[in-house]
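In this note's numbering, the protein residues as written are 820 to 1134. We put the beta carbon where it would ideally sit given N, CA and C, even for glycine. These numbers were taken from a predicted model, which means no experiment stands behind them. Worksheet: one structure, shown below.
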Amino acid sequence: MQHLASRTRNFSGAELEGLVKAASSNAMSRKVDLQNLTNCTGFEDIRVTPADFENALADVHPSLGQDKSALDNCIEHGIIEYSDAFKNVQRKCTKLVAQVRGSENTPLLSLLLVGPSGCGKTAMSAHLARMADFPFCRRIASEDYAGNSEHQKIARITELFDDAQKSTLSVVVLDDLEHLMDFTCIGPRFSNSILQLFFSLLKRRPAKHGHRMLIIGTTSEIGFMRSSKLMRAFNVALELPLLSEPSHFQAALHGLPGFSPGLVDEVCAGLGRSVGIRTLLEVVEMSTHQNGANDAKQVIECFRDAGVFDDPSDF
C-alpha cells in the first residue's frame, strides 16, 4: 500500500475512485469468457491484485502530477558528463534543486540555463526536473502551443502555474523562452504580453505557507534576455559549455560503434570549433546511418550538411 500511495501523489478523491474501479475492472476481466459470455462464473472469488493496480495506473492519470513522458523525450541520450566545466554547472544545478526541496526559506527559486542551440539545455532542464521528483512537474514548450492565439497561450500557461501552486513541491520548465514569446530577430519582434506574464510568474511566490516552487527556463537568445530585462527576473543564470577539446569529444563519443579514439581526434581537429552536445550526437547518428562505417571526412561532411559550418567554404 505504501508503494501505491507514493505512485498516486496529487490524485484527487474522484481520481482515486476511478483508479480503484479500473483495477476492479481488470480483476473482473479475468473471470469473463469473451468467447462465451454465458460461461462467466466465480465472481465471488475475485481478488484485486497489485498487478491490477499497475495496469490501472497506466490508464488513469491525475490532473495534477508529473508529466514524465514529456521529460523522458528530452533526455533520450541521457546526461553525458563530457567536461569539468559541464560537471561544475551540473553540480550547481543539483544544489539548487536540493535547496528548494530542503529549505522552507526558499519558497520560489528560478534558474535560467543559457547556451547556443544544440548545447543540451533542454536535456539538462528535463534531467533536473526528473531528478527533483517533485509531486508536480510540467514542461512548457512552444510546440505544445502551436496554433494557439496569444490570449489562449497566456490562459493555458497561467492555468498551469495556478495548478503548480496547489502542490507542496512543484517544478515548471519554461523551455526556449524566446519561442514561447514568439521572438524573431527580424525586427526584432516578440509578444510583450507574454513577456510581462513571465515577469509576473517569476516573482509570484506560492500562496500557501510551506509550498515551494522551482522554475527552470532555457534560452538561446541571451542578448534578447538581457535587453528585455527578463534575465534579471531569474535568481540564477548558468551557461552550458560546448565541447571544444579532444577529451570532451572522447567522453561524448566513448563506446559508440565505429568511433575509435583516433577517429574522434580526427573529427575534433577537422571541426576546428566548439560544438553543442546535442548537435554532436544528432550529427553522429546521421553519419552512422548514411555511411555505415564512419571516417573523419564523412562525419565532417555531415556536420556541414547539418549547418554547423556557417559558410560551406569553411571546410
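- Beta bridge pairing from DSSP links C1121 with no other residue.
- Distance from the CA of P1065 to the CA of G1126, rounded to the nearest whole angstrom, comes to 21 Å.
- Across the structure, S902 and A1070 are spaced so that their CA atoms are roughly 8 Å apart.
- Assigned with DSSP and collapsed to three states, L1099 falls in helix.
- With distances taken between CA atoms, K887 lies nearest to V992 out of F1002, L1021 and V992.
- Around the beta carbon of V1083, 16 or more other beta carbons sit within 10 angstroms, so the residue counts as buried.
- A Cβ-Cβ contact shorter than 8 Å links R958 with A889.
- Beta-bridge partners of E1064 (DSSP): none assigned.
- Within the same chain, M1000, S1047 and L1049 come within 7 Å of L1014 by CB-CB distance, once the 5 residues on both sides are set aside.
- Under DSSP, F955 takes part in a beta bridge, and its partners are S989.
- For H1030, the closest C-alpha among the options R975, S1106, T1107 and D981 is that of D981.
- By DSSP's assignment, E962 forms no beta bridge with any residue.
- When DSSP states are grouped into helix, strand and coil, M1000 belongs to the coil group.
- Not a single unbroken stretch of the beta strand (DSSP E) spanning 3 or more residues falls wholly within the region 895 to 930.
- Across the structure, K1022 and T1003 are spaced so that their CA atoms are roughly 25 Å apart.
- For R1031, the enclosing beta strand (DSSP E) stretches over residues R1031 to T1038.
- Beta-carbon to beta-carbon, I899 and I1096 are separated by about 6 Å, close enough to satisfy the 8 Å threshold.
- Excluding sequence positions up to five before and after F905, its CB lies within less than 6 Å of the CB of P1060, all in the same chain and listed in chain order.
- C-alpha of S968 to C-alpha of Q1117: approximately 44 Å in a straight line.
- When DSSP states are grouped into helix, strand and coil, A1026 belongs to the coil group.
- Assigned with DSSP and collapsed to three states, V1127 falls in coil, not helix or strand.
- A residue is called buried when at least 16 other Cβ atoms come within 10 angstroms of its Cβ; S922 does not meet this threshold and is exposed.
- In terms of Cα proximity to A870, the closest of S843, H896, D891 and N892 is S843.
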